[in-house]
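Asks: Below is one structure. I have some questions about it.
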Amino acid sequence: MTNLSFLSMLALATGAVLFWGFRYLPGRHWQFAATVPRFDVVSGEWRGHNLTWYGLLTATACLASVMLVLSLLGGIGVSHQASLLLAVTLLIVCLAAAKGLAALIEGKAHTFSVGAAACVGFMLAPWIIATVNRLLPAGAGAPLPMLPTLAALATGYAFGEGLGRLACISFGCCYGKPLAQCRPWVQRLFSRWHFRFSGDTKKIAYADGLENQPVLPVQALTAMVYCGTGLLTSGLFLAGHFAAAFLVAALVTQGWRAWSETLRADWRGSGRLSVYQILSLLILPYAIGLAAWFRSAAPLPDIAAGLDSLWHPGVLLALQGLWLLVFICMGRSQVTGARMSFFVHHDRI
55 MTNLSFLSML ALATGAVLFW GFRYLPGRHW QFAATVPRFD VVSGEWRGHN
105 LTWYGLLTAT ACLASVMLVL SLLGGIGVSH QASLLLAVTL LIVCLAAAKG
155 LAALIEGKAH TFSVGAAACV GFMLAPWIIA TVNRLLPAGA GAPLPMLPTL
205 AALATGYAFG EGLGRLACIS FGCCYGKPLA QCRPWVQRLF SRWHFRFSGD
255 TKKIAYADGL ENQPVLPVQA LTAMVYCGTG LLTSGLFLAG HFAAAFLVAA
305 LVTQGWRAWS ETLRADWRGS GRLSVYQILS LLILPYAIGL AAWFRSAAPL
355 PDIAAGLDSL WHPGVLLALQ GLWLLVFICM GRSQVTGARM SFFVHHDRI
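If you count the sequence shown from 1, position 24 lands on 78 in this note's numbering, and the numbers rise without skipping.
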């Protein structure tokens with residue numbers, strides 16, 4: 055498979071998924087994927103734990119992100135042991151940051167922040183790479199080259215978070231301002247292309263009372279910017295431009311994160327700049343410094359070899375485990391509940 059054919063197929067598949075998500079996920083039917091029943095002895099009722107499309111889509115986006123990272127690193131000859139150890143370590147750190155920092159910053163115990171996870175991931179990635187290189191057992195292949203690995207991680211992050219914005223649409227979070235509060239030219243620009251969220255259990259409804267009101271499609275804009283960036287930096291990586299791939303991915307995603315919060319209506323803090331905006335802005339000079347400091351070389355990537363590296367029993371089992379871990383962490387709704395009833399179809403006995 056050539057680089058062009060790989061990028062073309064990835065772009066077509068991504069475009070189709072985003073089109074579907076933008077069209078259907080704002081509806082009320084796409085918040086809960088399943089409900090697990092349990093009997094409440096105190097009330098004598100059947101209650102349910104809701105499993106959300108937010109968790110399912112987030113887990114799938116993380117899976118796609120990790121698969122892209124493994125393919126890119128496999129294309130430069132990195133062993134699957136090193137790639138998996140890096141991916142698992144970084145993912146666990148970011149999952150902990152997504153919940154821990156959100157609780158610290160927002161004062162809410164039952165929320166997650168992808169922004170916090172991303173900033174922690176960018177900050178700690180060089181140190182985690184260095185640690186993985188020290189922990190690699192003998193015979194596990196060459197150590198991870200610093201700058202190409204950072205480029206692969208940043209590319210996978212951009213692509214994965216772009217797809218992950220579909221999860222935000224399904225839950226109705228990270229939503230944009232009502233069009234009625236925007237300037238006239240913005241209202242004209244988005245008069246036909248906006249979101250209307252339905253369902254009183256979506257965050258936009260219970261937090262701000264904006265159910266069925268036209269709002270800026272911030273999640274869709276972010277998804278297109280991030281996925282487009284991921285595709286662009288994948289091309290740069292496959293062409294051997296590792297520093298450019300890392301810088302473009304880091305600067306575009308964090309710059310957009312800082313600016314796009316000005317388009318959002320959900321609460322981001324009481325100050326002029328939110329903590330998340332400040333963290334994103336701090337990443338910009340940090341990323342430039344990393345690109346200037348590290349000068350590690352790597353062979354020209356071979357995407358066919360990278361894709362072949364995925365077809366290993368250990369890799370496939372690890373990917374399934376990662377998907378399940380993310381779904382368990384992110385898919386069990388803690389802010390919604392369910393009352394259930396069961397009955398017998400007597401006419402079918």
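Ideal Cβ placement from N, Cα and C applies to all residues, glycine included.
Quick caveat: nothing in here was measured; it's all calculated off a predicted structure.
What residues are listed by DSSP as bridge partners for residue 394?
Replies: 100
Asks: Starting from the Cα of residue 119, find the closest Cα among 284, 60, 292, 103 and give me that residue.
Replies: Looking at 284, 60, 292, 103, the one whose alpha-carbon comes closest to that of residue 119 is 284.
Asks: Compare the C-alpha of residue 144 against each of 326, 99, 171 and name the closest.
Replies: 171
Asks: Nearest CA to the CA of residue 294: which residue from 136, 206, 343?
Replies: By alpha-carbon distance to residue 294, the top candidate from 136, 206, 343 is 206.
Asks: In angstroms, rounded to a whole number, what distance separates the CA positions of residue 168 and residue 152?
Replies: 6 Å
Asks: By the three-class DSSP mapping on this structure, what secondary structure does residue 242 have?
Replies: Taken through DSSP and simplified to helix, strand or coil, residue 242 comes out as helix.
Asks: Starting from residue 92, follow its DSSP beta bridges and name the residues at the other end.
Replies: Secondary-structure assignment with DSSP links residue 92 through a beta bridge to 101.
Asks: Would you tell me roughly how many angstroms separate the C-alpha atoms of residue 312 and residue 337, rounded to the nearest one?
Replies: 10 Å
Asks: Following the continuous alpha helix (DSSP H) through residue 388, name the residue where it begins and the one where it ends.
Replies: Note, residue 388: premise wrong, no alpha helix (DSSP H); not H, not E.
Asks: Opposite residue 106 in the DSSP bridges: which residues?
Replies: The partner list for residue 106 (beta bridge, DSSP) reads 86.
Asks: Please return the same chain residues whose Cβ sits closer than 8 Å to the Cβ of residue 315, not counting the five positions on each side in sequence.
Replies: 322, 328, 330, 331
Asks: Alpha carbon to alpha carbon, how far is residue 79 from residue 96?
Replies: 36 Å
Asks: On the criterion of 16 or more Cβ atoms from any shown chain inside 10 Å, does residue 117 qualify as buried, or is it exposed?
Replies: buried
Asks: Where do the ends of the alpha helix (DSSP H) carrying residue 291 lie?
Replies: 272-292
Asks: Would you mind working out which of 403, 147, 301, 374 sits nearest residue 115, comparing C-alpha positions?
Replies: 374
Asks: Grab the span of the alpha helix (DSSP H) containing residue 57 for me, first residue to last.
Replies: 57-78
Asks: In terms of alpha-carbon separation, which member of 259, 297, 228, 245 lies closest to residue 277?
Replies: In terms of CA proximity to residue 277, 228 leads the group 259, 297, 228, 245.
Asks: Measuring alpha carbon to alpha carbon, tell me which residue in 214, 181, 134 is nearest residue 72.
Replies: 214
Asks: List the residues that DSSP assigns as beta-bridge partners of residue 408.
Replies: With the chain running from 55 to 403 in the structure shown, residue 408 is simply not present.
Asks: Thinking C-beta only, is residue 198 closer than 8 Å to residue 136?
Replies: Yes, the pair counts as a contact, with Cβ atoms nearer than the cut-off.
Asks: Can you grab the Cα-Cα spacing for the pair residue 287 / residue 251, in whole Å?
Replies: 32 Å
Asks: What are the residues that DSSP puts in a beta bridge with residue 120?
Replies: Residue pairing for residue 120: DSSP places it in no beta bridge.
Asks: Does DSSP put residue 300 in a helix, a strand or coil?
Replies: helix
Asks: Would the beta-carbon of residue 176 fall within 8 Å of that of residue 359?
Replies: no
Asks: For residue 380, which three-state DSSP category applies?
Replies: helix
Asks: What does the alpha-carbon distance come out to for the pair residue 377 and residue 65?
Replies: 22 Å
Asks: Counting beta carbon pairs with one atom in the region 91-105 and one in the region 333-352, are three or more of them shorter than 8 Å?
Replies: No: the two stretches stay apart, fewer than three of their Cβ pairs being nearer than 8 Å.
Asks: How long is the line joining the alpha carbons of residue 200 and residue 389, rounded to whole angstroms?
Replies: 41 Å
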